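Asks: So that we are looking at the same thing, I have put the structure below in structure tokens.
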Amino acid sequence: MSRHAPQRISLAIATAIAAVLLAGCRLDAATDPHTPDPTDVHDAHPDASDPGTTRDDVADPTTTPSPGTIPSSGPNNSSGPDNTAPEDDRSCLAVLVGDYTQTASLSRVDAHSLTVERNLTSLFADTVIRRVGDRLFALERLGADTLVELDPERSFAVHSQRSLGSRSNPWDIIAQDDAHGWISLYGEDRIAQVHLDPGGPARSGTSVDVSPWAPAGGDALPAFLLPADGAVHVVLQRLRRFSCGDDTAGAVLRWPAEAFAQPADAGTVDLPAPTEITLSFCNPVTAIPVADGLLVGSAGNYRVRGQREDDGGIEWLGHDGTRAVLATEADLGDRDVVLLRPASAPGQAWVLAADESFSTAVFSLDLRHGVVDNEPIHASEGVQDLIDLDGVLWIADRNPARPGLVRVDAATGARLDGGRPLAVGGMPQTLVALPRERCGWRSTP
1 MSRHAPQRIS
11 LAIATAIAAV
21 LLAGCRLDAA
31 TDPHTPDPTD
41 VHDAHPDASD
51 PGTTRDDVAD
61 PTTTPSPGTI
71 PSSGPNNSSG
81 PDNTAPEDDR
91 SCLAVLVGDY
101 TQTASLSRVD
111 AHSLTVERNL
121 TSLFADTVIR
131 RVGDRLFALE
141 RLGADTLVEL
151 DPERSFAVHS
161 QRSLGSRSNP
171 WDIIAQDDAH
181 GWISLYGEDR
191 IAQVHLDPGG
201 PARSGTSVDV
211 SPWAPAGGDA
221 LPAFLLPADG
231 AVHVVLQRLR
241 RFSCGDDTAG
251 AVLRWPAEAF
261 AQPADAGTVD
271 LPAPTEITLS
281 FCNPVTAIPV
291 ADGLLVGSAG
301 NYRVRGQRED
311 DGGIEWLGHD
321 GTRAVLATEA
331 DLGDRDVVLL
341 RPASAPGQAW
351 VLAADESFST
361 AVFSLDLRHG
371 VVDNEPIHAS
381 EGVQDLIDLD
391 GVLWIADRNP
401 ARPGLVRVDA
411 ATGARLDGGR
421 PLAVGGMPQT
431 LVALPRERCG
441 WRSTP
């Protein structure tokens, strides 16, 4: 199967998992029907190079996220479907709605009044939305391959829409400066510099080739771009025929942020040798910055494909070189890791996991000791995304019987919506938090 084949289980689960195992762009790339080699590298736990590292040795990695901008110094963290506005202004939610088979759309939710404006802008069916600073972008993926900037103050109207190249399959985006950014291209084993402002082509003509980090006969697929600690971290899936096997453990490449201050039209640039971190597991499908490090979740081979080995998990990578495995699939009740999200409570993160029947569950993870709550805070046929806003957990639940946004008290697990999800015009896919003034709501409705 071509490497451009559908890839989305990493962020799509339940009903979305069933559909996107065979259609759409997916981070995990487990769509090849070839039976994976069972002799994987996924039984590693704390770093073999530091056998003294245990869960209890990990410093308190309290989450400190911020929008995806390359920092000059300090733990200035996140890219991705980011939920990262400061706590006092995260009062507006952009919600991508769709089923990956027809046109997607954007809805807008006021997190305080619960006002919903639905079906504001149409986008390609296979799309993700990303916040970069105060700007909102849509990456229309395999089949469209475009960079779209949306204007939240004009009901998410399209501000610009430019091609990234056929079959480039964009996945993540961060800003280099006000005018330039970098996009990971899953279809090219490449990271490309882009012009953020319209008026010309999206791609600047400068890029970084990550294929030298591919396993023999396989691919190095750039998934996430994470700015943190004065550096840019590129999370790679190293797969062979989109499956895990020998020498296919995921990797994180760490470059100084200044290495990405490249001019346009420079061609394929050779960056200085990065710090290369080989992960304990194969197939990293989610990653977030936390204080003093990164949290990376890997799925290994998918249980929905009949692979039931305990070959995935969650590990913490400290900026100082320390590391520890915090949870395995067994700790998650024999479920695959799907998604990690920051929590508002110190020393905690949220984990979304899926079992072999596509059922999903949201767990709390103690980042200090790697303890996963025995009981999920929410379980459903189809959770795809979540965001913790000041202690209220908003959950994008794609349960076909009643899709919408579920609201849960993050501390107690109590439903705050009376068991009635907030309807957003269809099945919610991705959530991004924005300040109220960027949503056109300048006062409380």
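In the working numbering, the protein residues as written are 1 to 445.
Ideal Cβ positions, reconstructed from N, Cα and C, are used throughout, including at glycine.
Predicted model, so just to flag it, every value in this text is computed and none were measured.
What is the DSSP secondary structure of E149, counted as helix, strand or coil?
Replies: The residue labelled residue 149 in the question sits at position 149 within the sequence shown. Reduced to three states, the DSSP call for E149 is strand.
Asks: How do the region 178-186 and the region 244-254 stand: do at least 3 beta-carbon pairs fall below 8 angstroms, yes or no?
Replies: No contact exists between the region 178-186 and the region 244-254.
Asks: In the DSSP assignment, find the unbroken beta strand (DSSP E) run with L136 in it and report its ends.
Replies: As a working mapping, residue 136 is identified with position 136 in the sequence shown. Start and end: 135-140.
Asks: Which one or two residues does DSSP pair with T322 in a beta bridge?
Replies: Here residue 322 is taken as the residue at index 322 of the sequence shown, counted from 1. None; T322 has no bridge partner.
Asks: Since P227 sits in a beta bridge, which residues does DSSP pair it with?
Replies: Against the sequence shown, residue 227 aligns to sequence position 227. According to DSSP, which records beta bridges pairwise, P227 is partnered with V232.
Asks: What residue range does the beta strand (DSSP E) around T275 cover?
Replies: Walking along the sequence shown from the start, residue 275 turns up at place 275. That run of the beta strand (DSSP E) goes 275-282.
Asks: Grab me the residues of A231's own chain with a C-beta within less than 7 angstroms of its C-beta, minus the 5 sequence neighbours each way, in chain order.
Replies: Within the sequence shown, numbered from 1, the residue matching residue 231 stands at position 231. Excluding residues within five positions, the ones whose Cβ falls inside 7 angstroms are R254, W255, P256, A257.
Asks: Quick check: what's the CA-CA separation for A330 versus Y302?
Replies: On the sequence shown, residue 330 is found 330 positions in, with the first residue counted as 1. On the sequence shown, residue 302 is found 302 positions in, with the first residue counted as 1. Their Cα atoms are separated by approximately 14 angstroms.
Asks: Counting along the chain, where does the beta strand (DSSP E) carrying V338 start and finish?
Replies: Residue numbering aside, residue 338 sits at position 338 when the sequence shown is read from its first letter. 336-342 is the extent of the beta strand (DSSP E) around V338.
Asks: Give me the Cβ distance between I193 and S207, rounded to the nearest whole Å; I'm assuming they're in contact under 8 angstroms.
Replies: What you label residue 193 is simply residue 193 of the sequence shown in a count that begins at 1. What you label residue 207 is simply residue 207 of the sequence shown in a count that begins at 1. Ile is not the amino acid found at residue 193; the sequence shown has Gln there. At roughly 6 angstroms, the Cβ-Cβ gap stays under 8 angstroms, so Q193 and S207 are in contact.
Asks: How many angstroms separate the CA atom of E276 from the CA atom of G217?
Replies: Translated into positions along the sequence shown, residue 276 becomes position 276. Translated into positions along the sequence shown, residue 217 becomes position 217. Between E276 and G217, the C-alpha separation is close to 20 angstroms.
Asks: To the nearest angstrom, how far is it from the Cα of A349 to the Cα of P342?
Replies: Here the question's residue 349 lines up with position 349 in the sequence shown. Here the question's residue 342 lines up with position 342 in the sequence shown. A349 and P342: Cα-Cα distance of roughly 5 angstroms.
Asks: Measure the C-alpha to C-alpha separation of C25 and G312 and round it to an integer number of angstroms.
Replies: Sequence index remark: in the sequence shown, residue 25 carries index 25 (1-based). Sequence index remark: in the sequence shown, residue 312 carries index 312 (1-based). Here C25 scores only 31 on pLDDT, less than 50, and its place in the model should not be relied on; the value that follows carries that caveat. Distance between the alpha carbons of C25 and G312: 21 angstroms.
Asks: In chain order, what residues of the same chain lie with their CB nearer than 6 angstroms to the CB of T286, ignoring the 5 residues before and after it?
Replies: To locate residue 286, count along the sequence shown from 1; it is residue 286. Within the same chain, T286 has close Cβ partners G297, L339, L340.
Asks: Helix or strand or just coil, what does DSSP make of C92?
Replies: Position 92 of the sequence shown holds residue 92. If DSSP states are grouped into helix, strand and coil, C92 belongs with the strands.
Asks: Select from G199, I129, P198 the residue whose C-alpha is nearest the C-alpha of P170.
Replies: Here residue 170 refers to the residue found at position 170 of the sequence shown. Nearest of G199, I129, P198 to P170, Cα basis: I129.
Asks: Take R238 as the anchor and find which of Q161, D219, E437 has the nearest alpha-carbon.
Replies: Looking up residue 238 in the sequence shown gives position 238. If we check each option's Cα against that of R238, D219 comes out closest.
Asks: Could you check what DSSP says for H4 in three-state terms: helix, strand or coil?
Replies: Here residue 4 refers to the residue found at position 4 of the sequence shown. Its pLDDT being 36, under 50, H4 is placed unreliably in this model, and the coordinates cannot settle the point.
Asks: Hey, how far is the Cα of L405 from the Cα of V95?
Replies: Start at 1 with the first residue of the sequence shown, and residue 405 comes out as number 405. Start at 1 with the first residue of the sequence shown, and residue 95 comes out as number 95. If you take the alpha carbons of L405 and V95, they lie about 9 angstroms apart.
Asks: Could I get the ranges of all uninterrupted beta strand (DSSP E) runs contained in the region 162-212, with 3 residues as the minimum, in chain order?
Replies: Counting only runs of 3 or more, we get 170-175, 180-185, 190-195, 203-209.
Asks: Would you call H195 buried or exposed, if buried means 16 or more other Cβ atoms sit within 10 Å of its Cβ?
Replies: Along the sequence shown, one-based indexing puts residue 195 at 195. Burial call: buried.
Asks: Do you know offhand how far W394's Cα is from G267's?
Replies: On the sequence shown, residue 394 is found 394 positions in, with the first residue counted as 1. On the sequence shown, residue 267 is found 267 positions in, with the first residue counted as 1. Those two C-alpha atoms are separated by around 42 angstroms.
Asks: What are the boundary residues of the beta strand (DSSP E) that S107 is part of?
Replies: On the sequence shown, residue 107 is found 107 positions in, with the first residue counted as 1. Taken as a continuous stretch (DSSP letters only), the beta strand (DSSP E) holding S107 covers 104-110.
Asks: Tell me whether the beta-carbon of V383 lies closer than 8 angstroms to the beta-carbon of V362.
Replies: In the sequence shown, residue 383 corresponds to position 383, counting from 1. In the sequence shown, residue 362 corresponds to position 362, counting from 1. Going by C-beta atoms, V383 is nearer than 8 angstroms to V362.
Asks: Which of the three DSSP states is assigned to P75 in this structure?
Replies: Within the sequence shown, the letter at position 75 stands for residue 75. Because the pLDDT of P75 is 25, which lies under 50, any placement of that residue in the model is unreliable, and the number read from its coordinates should be weighed accordingly. Looking at P75 - three-state DSSP - the assignment turns out to be coil, as it is neither helix nor strand.
Asks: I'd like to confirm something about L365: is its beta-carbon nearer than 7 angstroms to some heavy atom of the ligand NAD, or not?
Replies: Only the bare structure without any ligand can be found here, which leaves the ligand NAD out of the picture.
Asks: Would you identify the three-state DSSP class for A264, choosing helix, strand or coil?
Replies: Reading the sequence shown from its first residue, position 264 is the one you call residue 264. A264: coil per DSSP, three-state reduction.
Asks: Express the C-alpha separation of I288 and F137 in angstroms, rounding to a whole number.
Replies: Locating residue 137 in the sequence shown gives position 137, where the first residue counts as 1. Locating residue 288 in the sequence shown gives position 288, where the first residue counts as 1. Roughly 19 angstroms between the two C-alpha positions.
Asks: Do R402 and P428 have their C-beta atoms closer together than 8 angstroms?
Replies: Numbered from 1 along the sequence shown, position 402 holds the residue referred to as residue 402. Numbered from 1 along the sequence shown, position 428 holds the residue referred to as residue 428. No; because the gap between Cβ atoms is not below 8 angstroms, this pair is not in contact.
Asks: If distances are taken between C-alpha atoms only, which option among A414, R240, R203 comes closest to D265?
Replies: Your numbering for residue 265 matches position 265 in the sequence shown. Nearest C-alpha to D265: R203.
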